[in-house]
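This report concerns only the one structure given below.
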Amino acid sequence: MFSVILYLLCIIISSTALYRLGCCCQRDRVISIYNMWKYVVFGLLCSMPIIVVYTLRYGIGYDYAAYEKYYDIVNNVPIFEYFRKHFEGVGIYYAEIGYYLLNKFSINFIVLKFIVIVFINIFLMITAIKSRLHCGMLFFIFFCLNLAAAMNIVRFSMALSLLLYGYIYLVANKASKYLLCTLIAALFHKSMLFCLPFVLLKEFKSHKFSVMRDVVLLVAVLGWPVIAPYLFSFADSLPILTRYFSIGAYKFNTNTMQHSYKLLLHIFVVLFPFVVIFRKKMLYDSQTRVMLRIFILEFPFRMLAFYNEWYSRLVRIPQLIEVLMVPFLLSKVQNPQTKLLLTLYYCIWYIFCFIYSVYYSGYGGIIPYQCELFR
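Numbering (numbering that gives the first Met the number 0), first residue to last: 0 to 374.
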């Protein structure tokens, strides 16, 4: 339990410091590029507890040894040789180009871990500043949900931080910028290519077309168990994803489905308070509507775990919108007491999610914590 307390203290201390920074940031009517990077630097200083714990971890996470081995092998491989072997699908050279370049320019594995966590934090800060949301709450939710993942599925977590930045453009109806962010995220993990169709979730000028899209989305979500096998068959035929689906651990398997609808409880707990408070008013704001469309995709994405446990990581793609949606909707609550109670409610909920995930479920193998200084 000491390790859980250590992680939570790091998250809470960093989030509290970032909350104060966020108050200063929100007082600026216009944020210049200089001021934005000034806030990013201060944000990195505020999040130093998480950065230090992440950087100095040793042997923490089921994938730690694999990433360390990858670094040792590819660090001395010339760039053009890596590109060639990567596109040929040779062995360990499957990792995306973006992550390879970070390995290439890191003098050792400890420095690489530092670069990874700083990379994630920079995009969290930029997302908070660009969206005008309090960076403390945004940071808190992200790491309660993804700290263990960031210590395991490293490339995927880096891609998530880029996707989160892309979401602010999707919510703002800037489709081209969202697509660009998604493609850059795919340089760290190919699964981000699944997010390209999310551009269809934006607001369309034609109200009739938007209504038709929402109906199709609802039918697709409700009919997911029927649709899923055909979608995975299509994905399996794509050359860029063949490597994954050719491996037994990643195969789509309907014969070993384990239905557990408690996975869907998370969606209800997050959304219910806002439905009670805002009711139909939630649908009046275009940004909220886009967020809700992404959020509702948690239903089918959580059901992916029924077919293969490995797919459960993909739920983090639509779940990521909570990092924006919860602070955004909290900012719309007018009553100070109600806002305070809701903030406490969500803080308790996400702390519970973290404890349940890493302590009771043992996700990620990040307990007990081990430090490089005591190897």
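Think of the CB as a built atom: it goes at the ideal place given N, C-alpha and C, for glycine as much as any other residue.
None of the values given here were measured: they were computed from a predicted structure.
(Q) Between which residues of its own chain and Asn172 is the CB-CB distance below 6 Å, once the five residues before and five after are set aside? (A) Spatial neighbours of Asn172 in its own chain (CB-CB distance under 6 Å, excluding positions within 5 residues in sequence) are listed in chain order as Lys201, Glu202.
Q. Cα-Cα, which of Val40, Tyr38, Cys45, Tyr6 is closest to Ala16?
A. It is Cys45.
Q: Could you tell me the distance, in whole angstroms, from the CA atom of Thr255 to the CA atom of Val52?
A: In this predicted model, Thr255 has a pLDDT of only 49, less than 50, meaning its place in the structure is not dependable enough to derive any value.
Q) Roughly how many angstroms lie between the CA atoms of Ala94 and Ile78, to the nearest whole one? A) One C-alpha to the other measures close to 13 Å.
(Q) I'd like the list of long-range same chain contacts for Val274, defined as Cβ closer than 8 Å, with 5 residues on each side in sequence excluded. (A) If we look at Val274 and ignore the five residues flanking it on each side, its Cβ neighbours are Met281.
Q. Per DSSP, Arg56 is paired with what?
A. In DSSP, Arg56 forms a bridge with Cys370.
Q | Whole-number beta carbon distance between Gly21 and Cys134, since they are thought to touch under 8 Å | A | At roughly 4 Å, the Cβ-Cβ gap stays under 8 Å, so Cys134 and Gly21 are in contact.
Q. Is Met256 helix, strand or coil by DSSP?
A. Caution is warranted here: a pLDDT of 49 is assigned to Met256, below 50, making its placement in the model unreliable, and no coordinate value can be reported.
Q.
What would DSSP say about Phe77, mapped onto helix, strand or coil?
A. The residue asked about is misnamed: residue 77 is Pro in this sequence, not Phe. In this structure, Pro77 counts as coil in the three-state DSSP scheme.
Q.
Out of Asn107, Arg56, Lys189, which one is the CA nearest neighbour of Leu146?
A. The shortest C-alpha separation from Leu146 is found at Arg56.
Q.
Need the endpoints of the alpha helix (DSSP H) that Pro326 sits in, please.
A. Looking at the DSSP string, the run of the alpha helix (DSSP H) that includes Pro326 is 321-331.
Q) By Cβ distance below 8 Å, which residues in the same chain neighbour Phe118 in space, the five residues on each side in sequence not counted? A) Excluding positions up to five away in sequence, the list reads Leu101, Met157, Ser160.
Q | Buried/exposed call for Ala149, threshold 16 Cβ in 10 Å | A | Residue environment analysis places Ala149 among the buried positions, since at least 16 neighbouring C-beta atoms fall within 10 angstroms of its C-beta.
Q: Out of Leu291, Ile293, Leu313, Ser209, point me to the one whose CA is closest to Arg301's CA.
A: That would be Leu313, whose Cα lies nearest to the Cα of Arg301.
Q. Who are the near neighbours of Tyr6 in its chain, counting only those whose CB is closer than 8 Å to its CB and skipping five residues on each side?
A. Listed in chain order, the non-local C-beta contacts of Tyr6 below 8 Å within the same chain comprise Val52, Leu146, Phe353, Val357, Ile365, Tyr368, local neighbours out to five positions each way being set aside.
Q.
Quick check on this structure: which residue in Tyr283, Arg315, Asp284 has the alpha carbon closest to the alpha carbon of Phe294?
A. Selected option, being the one with the closest Cα: Arg315.
(Q) Residues in the same chain with beta-carbon distance under 7 Å from Ile226, minus the five sequence neighbours each way, listed in chain order, please. (A) Around Ile226: Ala219.
Q) Alpha carbon to alpha carbon, how far is Tyr362 from Thr126? A) So the alpha carbons of these two residues sit roughly 27 Å apart.
Q) Excluding the five sequence neighbours on either side, which residues of its own chain have a C-beta within less than 7 Å of the C-beta of Phe138, listed in chain order? A) So the list reads Ser13, Ser14, Leu17, Ser46, Leu123, once near-sequence residues are dropped.
Q: Measure the C-alpha to C-alpha separation of Asp213 and Pro196 and round it to an integer number of angstroms.
A: Near 14 Å, if we compare the C-alpha coordinates of Pro196 and Asp213.
Q) Given Ile59, which residues of its chain have a CB within under 8 Å of its CB, disregarding the five upstream and five downstream residues? A) Taken in chain order, the residues that qualify are Met150, Gly364, Ile365, Tyr368, Gln369.
Q.
Within the continuous alpha helix (DSSP H) that includes Glu297, where are the two ends?
A. Where Glu297 is concerned, the enclosing alpha helix (DSSP H) stretches over 297-302.
Q: Please list the segments of the alpha helix (DSSP H) lying wholly inside the segment 166-223, counting only runs of 4 or more residues, in order along the chain.
A: As far as the segment 166-223 is concerned, its whole alpha helix (DSSP H) runs of at least 4 residues are 174-184, 206-221.
Q.
To the nearest angstrom, how far is the alpha carbon of Phe327 from that of Leu178?
A. Rounded to whole angstroms, Phe327 to Leu178 spans 22 Å at the Cα level.
(Q) Please report the distance separating the alpha-carbon of Pro374 from that of Phe155. (A) What sits at residue 374 in the sequence shown is Arg, not Pro. Answer to the nearest angstrom: the Cα atoms are 27 Å apart.
Q) Under a three-way DSSP split, which group does Gly135 fall into? A) If DSSP states are grouped into helix, strand and coil, Gly135 belongs with the helices.
Q: Compare the C-alpha of Asp71 against each of Ile91, Ile10, Pro299, Tyr61 and name the closest.
A: Checking every option, the nearest Cα to that of Asp71 belongs to Ile91.
Q) For Ile4, which residues of its own chain have a beta-carbon under 7 Å away from its beta-carbon, when the five flanking residues on both sides are left out? A) Excluding the 5 residues flanking it on each side, Ile4 has no same chain C-beta neighbour closer than 7 Å.
Q: Specify the secondary structure class of Tyr61 as computed by DSSP and reduced to three states.
A: Coil.
Q: Please classify Thr337: is it buried, with 16 or more other beta-carbons within 10 angstroms of its beta-carbon, or exposed?
A: With fewer than 16 other Cβ atoms from the protein chains shown falling within 10 Å of its own Cβ, Thr337 counts as exposed.
Q: Give the DSSP-derived three-state secondary structure of Ser130 in the structure shown.
A: Here Ser130 sits in helix by DSSP.
**Q.** Reference Gln376; option with closest CA among Leu296, Asp62, Ile320
**A.** Outside the displayed span of the chain (0 to 374) sits residue 376, for which this structure offers no information.
Q: Please report how far the alpha carbon of Pro272 lies from the alpha carbon of Phe142, in whole angstroms.
A: Each residue's Cα considered, the two are about 22 Å apart.
Q: Tell me where the alpha helix (DSSP H) around Lys37 begins and ends.
A: Per DSSP, the unbroken alpha helix (DSSP H) holding Lys37 starts and ends at 32-45.
Q. In whole angstroms, what separates the C-alpha of Arg19 from that of Lys103?
A. Distance between the alpha carbons of Arg19 and Lys103 is about 36 Å.
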